[in-house]
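Take a look at the structure set out below.
Numbering (my numbering), first residue to last: 1478 to 2069.
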């Protein structure tokens, strides 16, 4: 694996015995010491950029970029490093800089701090053991350092299935917690640990910062797309881009080409018209003069019993991604490419809501005016639904509003004996100070999912992954744009389309529908139905009382009974079952 770090800290002094144990683990894992003082020791591998705070108190793990120019914060001159240090000590680092980084510091007052940037692709998990704080990028390092075997928390696994794609501070392993994107922790005395958020999405949704002019919004979004791509993708390197042919990945392709970056595109296709997007991918590649490889995933190859990323304390990986990951990795390796670029988060960032939210926001902000009717019509066109029905839904949503903590629970195929699923414990990021518009709540909720989904790629353990659309400056700009501006010409993500249409073929920039790998997943389910039935009926999740065995038995009784709409959920249950079985301390007989 690449991109790993391990830190051990104590408010008093790191015990000598622990220091020796740390050295042993680091040596076995290929890590090198990057910072050492009496209260904080940090190790990392060569896959992470490491920079020291200029006051000598700690290190910055990962990539930090200047806010207003597309360049790295460290390496330009020593003054910039001093400014980064001052911004961190002043508590406003993410106001002046951005990136994918983690700051680990031992302050003079005895406080140990760890801060994870908003939209950080480097993981940070921690354990407090005997007055010592251990922080690591994966649980293998974490648990080895703590001398603790992995122990599955079945209550957390159930919560994970109810609120999938949502990172909570507690993970699915007992005693292991996560420092989430935009969160920091302070460790002062044995067992005294405080977590807080240092980034707030809601301040970019306040009326006084909104960008209400569509032309200004378009220019700002374009500027940030190009700036963020330019910063994260330095010149002189070759990048492998996951080019699906959809809008988001095509925007990255166009932005990369415009910024003069060298990319090689990789697209996937499966049987049937729905899964074959090669026409769009080829059009983009030809238009931008970039090379393109095409891969056909084999639905027989994914191993449902295998968890692709078992070293993470949650079941992030999905079985159907195994095959696309394998093909993409092979194609990139054949060209000696060690970095992949992915459009993860584009739907969320560019406010692709597929709901009445934009119309409800218009009604709340502007009243029952012609603007409301226009937005209803545009949203109905974009979602290909009845305008009258959508209008009534918008009126109800605008009247009732939407609480920021209202998160739709998914209890499909779960036991009715599980605790109440009214709201998830501990949403990411702080609650809003004012009542946000319902569509903007949905916009922010989409970003929650995107932070979680960055972990879904096995390639991330072997290659560096870059997710340009989940760049903090771009996200903040998009949050400032009202939801009703994101629909136009019968299209969603309207502002992003306008921003990049000059660089893309019209049929891609303004396409309406998009295919996917649904047929591929359906073939997986049909071919492995008997295995899936055995996994879920007789596995660890059933043994823990989490699944409704009667519903699963009925759903998978034969090839005619399972519903196509439920196939994603069934495969997701298999993913979680495989992750549980990957724990070395768990057997089919040990689930409660």
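Even for Gly, the Cβ is constructed at its ideal location relative to N, Cα and C.
### Query
Distance, Cα to Cα, residue 1556 vs residue 1577?
The residue given as residue 1556 occupies position 79 in the chain shown. The residue given as residue 1577 occupies position 100 in the chain shown. Answer to the nearest angstrom: the Cα atoms are 21 Å apart.
### Query
If you draw a straight line from the C-alpha of residue 1511 to the C-alpha of residue 1856, how long is it?
The sequence position of residue 1511 within the chain shown is 34, counting from 1. The sequence position of residue 1856 within the chain shown is 379, counting from 1. Computed Cα separation, rounded: 52 Å.
### DSSP bridge partner residues for residue 1528 (one or two, in chain order)
The count along the chain shown starts at 1 and reaches residue 1528 at position 51. According to DSSP, residue pairing for residue 1528 in a beta bridge involves 1537.
### Message
Under DSSP, the beta strand (DSSP E) around residue 1604 begins and ends at which residues?
### Response
By 1-based counting over the chain shown, the position of residue 1604 is 127. Per DSSP, the continuous beta strand (DSSP E) segment holding residue 1604 begins and ends at 1602-1606.
### Message
Less than 8 Å between the beta carbons of residue 1996 and residue 1807, yes or no?
### Response
For the purposes of this step, residue 1996 is taken as the residue at position 519 of the chain shown. For the purposes of this step, residue 1807 is taken as the residue at position 330 of the chain shown. Contact: no.
#### Entry: Contact under 8 Å by Cβ, residue 1724 with residue 1744
As a working mapping, residue 1724 is identified with position 247 in the chain shown. As a working mapping, residue 1744 is identified with position 267 in the chain shown. Taking C-beta atoms as the reference points, residue 1724 and residue 1744 fail to come closer than 8 Å.
### Task
Determine which residues share a DSSP beta bridge with residue 1543 and list them.
As a first step, residue 1543 must be located in the chain shown, where it is residue number 66. DSSP output for residue 1543 lists 1574 as bridge partner(s).
#### Entry: Span separating the alpha-carbon of residue 2064 from that of residue 1932
Mapped onto the chain shown, residue 2064 falls at position 587. Mapped onto the chain shown, residue 1932 falls at position 455. Caution applies to residue 2064, whose pLDDT of 49 falls short of 50 and renders its modelled position unreliable; the value that the coordinates give is listed next. Each residue's alpha carbon lies about 25 Å from the other.
### Query
Looking at the structure shown, is residue 2056 part of a helix, part of a strand, or coil, going by DSSP?
One-based indexing of the chain shown puts residue 2056 at position 579. In this structure, residue 2056 counts as helix in the three-state DSSP scheme.
### Three-state secondary structure (DSSP) of residue 1511
Locating residue 1511 in the chain shown gives position 34, where the first residue counts as 1. In the structure shown, the three-state DSSP call for residue 1511 is strand.
#### Entry: Alpha carbon of residue 2066 to alpha carbon of residue 2018, nearest angstrom
Residue 2066 sits at position 589 when you count from the first residue of the chain shown. Residue 2018 sits at position 541 when you count from the first residue of the chain shown. With a pLDDT of 45 at residue 2066, under the threshold of 50, the modelled position of that residue is not reliable, and the figure given next carries that caveat. If I take the Cα positions, the gap works out to 11 Å.
### Query
In whole angstroms, what separates the C-alpha of residue 1459 from that of residue 1619?
An answer regarding residue 1459 cannot be provided, because it is not within the stretch 1478 to 2069 covered by the chain.
### Message
Here's a check: name, in chain order, each residue in its chain whose Cβ is nearer than 8 Å to the Cβ of residue 1614, leaving out the five neighbours to either side.
### Response
Here residue 1614 refers to the residue found at position 137 when the chain shown is read from its first residue. Within its own chain, the residues whose Cβ lies closer than 8 Å to the Cβ of residue 1614, once the five positions on either side in sequence are excluded, are 1480, 1481, 1482, 1483, 1599, 1600, 1601 and 1602, listed in chain order.
### Nearest neighbour of residue 1636, chosen from 1792, 1801 and 1695 [CA to CA]
Mapped onto the chain shown, residue 1636 falls at position 159. Residue 1792 holds the alpha-carbon nearest to the alpha-carbon of residue 1636 among 1792, 1801 and 1695.
### Task
Could you check how far apart the C-beta atoms of residue 1998 and residue 1746 are, in whole angstroms? I think they sit under 8 Å.
Translated into the one-based positions of the chain shown, residue 1998 becomes position 521. Translated into the one-based positions of the chain shown, residue 1746 becomes position 269. With a Cβ gap of about 14 Å, residue 1998 and residue 1746 do not count as contacting.
### Query
Mapping DSSP to helix, strand and coil, what is residue 1591?
If you number the chain shown from 1, residue 1591 lands on position 114. Residue state, collapsed to three classes: strand.
### Message
Rounded to whole angstroms, what is the Cα-Cα separation between residue 2044 and residue 1679?
### Response
The residue labelled residue 2044 in the question sits at position 567 within the chain shown. The residue labelled residue 1679 in the question sits at position 202 within the chain shown. The alpha-carbon atoms of residue 2044 and residue 1679 are separated by roughly 35 Å.
### Message
I'd like to know whether the C-beta atoms of residue 1805 and residue 1936 end up nearer to each other than 8 Å.
### Response
For this step, residue 1805 is matched to residue 328 along the chain shown. For this step, residue 1936 is matched to residue 459 along the chain shown. Taking a C-beta distance under 8 Å as the contact criterion, residue 1805 and residue 1936 qualify as a contact pair.
#### Entry: Unbroken stretches of the beta strand (DSSP E), 3 residues or longer, contained in the segment 1743-1797
The qualifying runs are 1768-1772.
### Task
Please look up how many angstroms separate the CB atoms of residue 2055 and residue 1784, rounded, as I've assumed it's under 8 Å.
The residue you call residue 2055 lines up with position 578 of the chain shown. The residue you call residue 1784 lines up with position 307 of the chain shown. Between residue 1784 and residue 2055 the Cβ distance is about 4 Å, and since that is below 8 Å, they are a contact.
#### Entry: Backbone secondary structure at residue 1937 - three-state DSSP
Counted from its first residue, the chain shown places residue 1937 at position 460. The answer is helix: DSSP assigns residue 1937 an H, G or I state.
### Residue nearest to residue 1765 in terms of C-alpha spacing, selected from 1626, 1978, 1690 and 1934
In the chain shown, the residue the question calls residue 1765 occupies position 288. Closest in C-alpha terms to residue 1765, from the list 1626, 1978, 1690 and 1934, comes 1978.
### Query
Are the Cβ atoms of residue 1851 and residue 1875 separated by less than 8 Å?
In the chain shown, residue 1851 corresponds to position 374, counting from 1. In the chain shown, residue 1875 corresponds to position 398, counting from 1. No.
### Message
Let's test the definition: count the other Cβ atoms within 10 Å of the Cβ of residue 1810 and tell me whether it reaches 16, buried, or not, exposed.
### Response
The residue you call residue 1810 lines up with position 333 of the chain shown. Exposed: under 16 other Cβ atoms inside 10 Å.
### Message
Taking only three categories from DSSP, how would you classify residue 1637?
### Response
The sequence position of residue 1637 within the chain shown is 160, counting from 1. Residue 1637: helix per DSSP, three-state reduction.
### Task
Using the Cα positions of residue 1951 and residue 1515, report the straight-line distance between them to the nearest angstrom.
As a working mapping, residue 1951 is identified with position 474 in the chain shown. As a working mapping, residue 1515 is identified with position 38 in the chain shown. Cα to Cα, the separation comes out at about 39 Å.
### Task
Would you tell me roughly how many angstroms separate the C-alpha atoms of residue 1566 and residue 2060, rounded to the nearest one?
Walking along the chain shown from the start, residue 1566 turns up at place 89. Walking along the chain shown from the start, residue 2060 turns up at place 583. Taking the straight line joining both Cα atoms gives about 39 Å.
### Message
Closer than 8 Å is the cut-off here; do at least three beta carbon pairs connect the segment 1943-1962 with the segment 1502-1511?
### Response
Per the Cβ contact rule, the segment 1943-1962 is not in contact with the segment 1502-1511 (fewer than 3 Cβ pairs under 8 Å).
### Message
residue 1658 and residue 1593 - do their beta-carbons sit closer together than 8 Å?
### Response
For the purposes of this step, residue 1593 is taken as the residue at position 116 of the chain shown. For the purposes of this step, residue 1658 is taken as the residue at position 181 of the chain shown. Their beta carbons are under 8 Å apart, which means residue 1593 touches residue 1658 by this criterion.
### Task
Closer than 6 Å by C-beta to residue 1529: which residues in its own chain qualify, once you throw out the five before and the five after it? Chain order, please.
Taking the chain shown and counting its residues from 1, the one referred to as residue 1529 is at position 52. Excluding positions up to five away in sequence, the list reads 1536.
### Message
What would DSSP say about residue 1942, mapped onto helix, strand or coil?
### Response
By 1-based counting over the chain shown, the position of residue 1942 is 465. Here residue 1942 sits in strand by DSSP.
### Query
Is it buried or exposed for residue 1690, if we count other Cβ within 10 angstroms and need 16 for buried?
On the chain shown, residue 1690 is found 213 positions in, with the first residue counted as 1. By the neighbour-count rule (16 or more Cβ atoms within 10 Å), residue 1690 is not buried but exposed.
### residue 1490 burial status per 10 Å Cβ neighbour count (16 or more: buried)
Locating residue 1490 in the chain shown gives position 13, where the first residue counts as 1. Result: exposed.
### Limits of the beta strand (DSSP E) - the one that residue 1948 falls within
Along the chain shown, one-based indexing puts residue 1948 at 471. In the DSSP assignment, residue 1948 falls outside any beta strand (DSSP E) and carries neither an H nor an E.
### Message
Using only CA atoms, which one of 1919, 1596, 1956 and 1968 lies nearest to residue 1859?
### Response
Reading the chain shown from its first residue, position 382 is the one you call residue 1859. It is 1968 whose Cα lies nearest to the Cα of residue 1859.
### Task
Please classify residue 1922: does DSSP put it in a helix, a strand, or coil?
The residue you call residue 1922 lines up with position 445 of the chain shown. Three-state result, residue 1922: helix.
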